Amino acid sequence: MKLVFASVIISFFLDSILTSLIPIDSILLPLFSLISLIIIYPYFHKEENSYLIFSFLLGLVYDIVYTDTIFLNAFIFLLISFCIKLINEYISNNVFNVSIMSLLVVTIYRIITYFVLVIINYLKYDFNDLLVSIYSSLILNVFYGILLYLITDFISKKYKIDKIE
Amino acid sequence: MVNKKLEKKYIILIVLLFVAIFLGIITKIVTDDRKLNPIEKGIKDTVVSINKVINIPINFIKNKVVEKREKKDLYNKYLELRKRVDEHYLDIAEMDELEKENKELRKLLDIDKTLSDYSYLNATVINRNIGYWYNTITIDKGSSSGIKKNIAVITSDGLIGKVIKTTNFSSTIKLLTSDEIDSKVSVKIKVEDKYIYGLLTSYKKEENLFVIEGISESIEIPVDSLVTTTGMGDIFPSGILIGKVKSVGTDNFDLAKIVEVESNVDFNDIKFVTVLKRKVK
Numbered sequence: 112m113k114l115v116f117a118s119v120i121i122s123f124f125l126d127s128i129l130t131s132l133i134p135i136d137s138i139l140l141p142l143f144s145l146i147s148l149i150i151i152y153p154y155f156h157k158e159e160n161s162y163l164i165f166s167f168l169l170g171l172v173y174d175i176v177y178t179d180t181i182f183l184n185a186f187i188f189l190l191i192s193f194c195i196k197l198i199n200e201y202i203s204n205n206v207f208n209v210s211i212m213s214l215l216v217v218t219i220y221r222i223i224t225y226f227v228l229v230i231i232n233y234l235k236y237d238f239n240d241l242l243v244s245i246y247s248s249l250i251l252n253v254f255y256g257i258l259l260y261l262i263t264d265f266i267s268k269k270y271k272i273d274k275i276e
Numbered sequence: 041m042v043n044k045k046l047e048k049k050y051i052i053l054i055v056l057l058f059v060a061i062f063l064g065i066i067t068k069i070v071t072d073d074r075k076l077n078p079i080e081k082g083i084k085d086t087v088v089s090i091n092k093v094i095n096i097p098i099n100f101i102k103n104k105v106v107e108k109r110e111k112k113d114l115y116n117k118y119l120e121l122r123k124r125v126d127e128h129y130l131d132i133a134e135m136d137e138l139e140k141e142n143k144e145l146r147k148l149l150d151i152d153k154t155l156s157d158y159s160y161l162n163a164t165v166i167n168r169n170i171g172y173w174y175n176t177i178t179i180d181k182g183s184s185s186g187i188k189k190n191i192a193v194i195t196s197d198g199l200i201g202k203v204i205k206t207t208n209f210s211s212t213i214k215l216l217t218s219d220e221i222d223s224k225v226s227v228k229i230k231v232e233d234k235y236i237y238g239l240l241t242s243y244k245k246e247e248n249l250f251v252i253e254g255i256s257e258s259i260e261i262p263v264d265s266l267v268t269t270t271g272m273g274d275i276f277p278s279g280i281l282i283g284k285v286k287s288v289g290t291d292n293f294d295l296a297k298i299v300e301v302e303s304n305v306d307f308n309d310i311k312f313v314t315v316l317k318r319k320v321k
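Line order of the protein sequences matches chains V and Y.
For the first sequence, the working numbering gives the first residue as 112, with consecutive numbering after it.
For the second sequence, the working numbering gives the first residue as 41, with consecutive numbering after it.
Structure, rendered in structure tokens:
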């Protein structure tokens, strides 16, 4: 459990630190809090409900601190963690699958937020904008997903922390 | 069999209802000008304070890197700056003169404060692009430093936006680049000795250009004229630079001019800002 909290908190703060270093038009936009949801899933084995609650709370804090849109990210995080749970029933946990899941999660997150904001008439619909936002956040996040997976894997093996394989 | 079908229908109905309610709530939250409640403020303040502490060593390293890079052509820069300092002396002398004159004239007219009076407050940007779509940035000064809602925020290159939310130690700034209707700004273009008034209505993302509308067809506007705020509409003080006119065209009906303004501010990469506190209400 300590490992879970540590990786989520570090990802959460890295999100903010990196955004003040990287310009918004670069192709390296971080969504690390979201990626950490993939990595921590195996450590919640047999406690899937608490995993869902955890991701909801993470989304809520993300909303309050970063985007000022209470409940939007909370529900999207909940939905995404539900997807992660479903995917994890079919595939095993390894570097390749983690990177595929990161790709999926980032894409789903961008598409859902974009369409919610378009539906409520906050943004004008422009497919190009959506495309740019997706590909500009893929590279860094997949890389971070792999890195975080390897680190947590190493630590969990060293200290024999239980997780789903 | 029938029961199962009915059940499925109910589930779909409930899900749709839930989505509709969710969208309604989000609309209210995103577009409404709401105030943050104390719990939100508390959480935000805590995280921002932790963030500031984490940022200290990172900024230290960053500054060292910048320092090393800058040291390379120090001499050329020194020569250039010395030239500029000489020019500045002339400007300062002229400004002193004008300020004195201005004060005396104001005394004569019995004016206490004008729309262009404001005080400065410098701040650092801590979060920039996390909410990719929202066109907001977060700075490290809040209501404890006297920042209030709807105050103008500038950088050394010009106007960037206004404060929309504050907590004790942080505030959120809506950038001029967002498409929202309430971000229309009243501006004036300086043509020779006259000012021409218009409304800044939209922003073109690809070219970093602002669009000014509401200017009559008959007026000639030269390229490179300066565009500043007017101080009307009670948010922005008067006389803050927005940019220079880049091109002038007419609208679809040939009735009004559409002026495109190029801003010097790089809205993708804002690091330090200045908050302007207007003295006149």
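For glycine and all other residues, C-beta sits at the position ideal for the given N, C-alpha and C.
This structure is a prediction, so every number in the text was calculated from the model and none was measured.
Between which two residues does the alpha helix (DSSP H) carrying residue i extend?
i, result
"N103 (chain Y)", "78-111"
"T224 (chain V)", "206-230"
"S166 (chain V)", "159-173"
"L114 (chain V)", "113-130"
"T263 (chain V)", "238-269"
"S147 (chain V)", "143-151"
Please confirm if residue i has its CB atom under 7 Å from at least one CB of chain Y.
i, result
"L258 (chain V)", "no"
"F238 (chain V)", "no"
"V217 (chain V)", "no"
"I135 (chain V)", "yes"
"Y233 (chain V)", "yes"
"S127 (chain V)", "yes"
"S244 (chain V)", "yes"
What is the residue span of the beta strand (DSSP E) that residue i lies within?
i, result
"I177 (chain Y)", "176-179"
"V301 (chain Y)", "296-302"
"Y235 (chain Y)", "234-244"
"T160 (chain Y)", "Looking at the sequence itself, residue 160 (chain Y) is Tyr, so the reference to Thr does not match. Y160 (chain Y) -> beta strand (DSSP E) spans 158-167."
"I282 (chain Y)", "281-290"
"T206 (chain Y)", "198-206"
"I252 (chain Y)", "249-256"
"L148 (chain Y)", "It is not in any beta strand (DSSP E) - L148 (chain Y) instead sits in the alpha helix (DSSP H) that spans 114-149."
"I194 (chain Y)", "192-195"
"K311 (chain Y)", "It is not in any beta strand (DSSP E) - K311 (chain Y) carries neither H nor E in the DSSP assignment."
"I259 (chain Y)", "Taken as a continuous stretch (DSSP letters only), I259 (chain Y) belongs to no beta strand (DSSP E), as it is neither H nor E."
"S226 (chain Y)", "225-231"
Take residue i and list the residues in its own chain whose beta-carbon comes closer than 8 Å to its own, dropping the five residues that flank it on each side.
i, result
"I195 (chain V)", "L148, I149, Y152, M212, V216"
Determine, using beta carbons only, whether residue i comes closer than 7 Å to chain V.
i, result
"V315 (chain Y)", "no"
"E80 (chain Y)", "yes"
"N91 (chain Y)", "yes"
"Y172 (chain Y)", "yes"
"K230 (chain Y)", "no"
"V87 (chain Y)", "yes"
"I213 (chain Y)", "no"
"K84 (chain Y)", "yes"
"N304 (chain Y)", "no"
"D309 (chain Y)", "yes"
"V227 (chain Y)", "no"
Tell me whether the beta-carbon of residue i lies closer than 7 Å to the beta-carbon of residue j.
i, j, result
"K228 (chain Y)", "T164 (chain Y)", "no"
"K230 (chain Y)", "S265 (chain Y)", "yes"
"S242 (chain Y)", "M272 (chain Y)", "no"
"V313 (chain Y)", "T195 (chain Y)", "yes"
"T130 (chain V)", "N248 (chain Y)", "no"
"F124 (chain V)", "I94 (chain Y)", "yes"
"G238 (chain Y)", "I261 (chain Y)", "no"
"G256 (chain V)", "V209 (chain V)", "yes"
"A192 (chain Y)", "L316 (chain Y)", "yes"
"I177 (chain Y)", "I213 (chain Y)", "yes"
"T180 (chain V)", "V263 (chain Y)", "no"
"S166 (chain V)", "L197 (chain V)", "no"
"I146 (chain V)", "N239 (chain V)", "no"
Return the chain-ordered list of same chain residues with a C-beta closer than 6 Å to the C-beta of residue i, the five sequence neighbours on each side being excluded.
i, result
"L199 (chain Y)", "I280, I282"
"D85 (chain Y)", "T207, N208, F209"
"S248 (chain V)", "L140, L142, V217"
"Y70 (chain V)", "What the structure shows of chain V is the stretch from 112 to 276, and residue 70 (chain V) is not part of that stretch, so it cannot be assessed."
"Y177 (chain V)", "none"
Examine chain C for any beta-carbon lying closer than 7 Å to the beta-carbon of residue i, and answer yes or no.
i, result
"T67 (chain Y)", "You won't find chain C in this structure, because its protein chains are V and Y."
Grab me the residues of residue i's own chain with a C-beta within less than 7 Å of its C-beta, minus the 5 sequence neighbours each way, in chain order.
i, result
"Y160 (chain Y)", "T314, L316"
"F155 (chain V)", "S161, Y162"
"N190 (chain Y)", "K202, V203, I275"
"I164 (chain V)", "none"
(request) Count the CB pairs spanning the region 176-184 of chain Y and the region 43-62 of chain Y that are closer than 8 Å, and state whether there are at least three. (result) no
(request) Mind the definition here: the region 143-160 of chain V touches the region 259-266 of chain V only if three or more C-beta pairs lie below 8 Å; say whether that holds. (result) For the pair of segments examined, the region 143-160 of chain V was found to touch the region 259-266 of chain V: the number of CB pairs separated by less than 8 Å reaches three.
(message) Under 8 Å, with one C-beta from each stretch per pair, do the region 61-78 of chain Y and the region 154-173 of chain V reach the 3-pair mark?
(response) no
(message) Quick test of the definition: if touching needs 3 or more C-beta pairs under 8 Å, does the region 220-239 of chain V touch the region 57-67 of chain Y?
(response) yes
(message) If contact is defined by three or more beta carbon pairs under 8 Å, each pair taking one atom from either stretch, is the region 278-290 of chain Y in contact with the region 298-317 of chain Y?
(response) These segments touch.
(message) Three or more C-beta pairs under 8 Å: does that hold for the region 108-115 of chain Y against the region 125-144 of chain V?
(response) no
(message) Is it the case that the region 287-302 of chain Y contacts the region 249-268 of chain Y, given that we only count it when at least three CB pairs across the two stretches are under 8 Å?
(response) Below 8 Å, enough C-beta pairs join the region 249-268 of chain Y and the region 287-302 of chain Y to call them touching: three or more.
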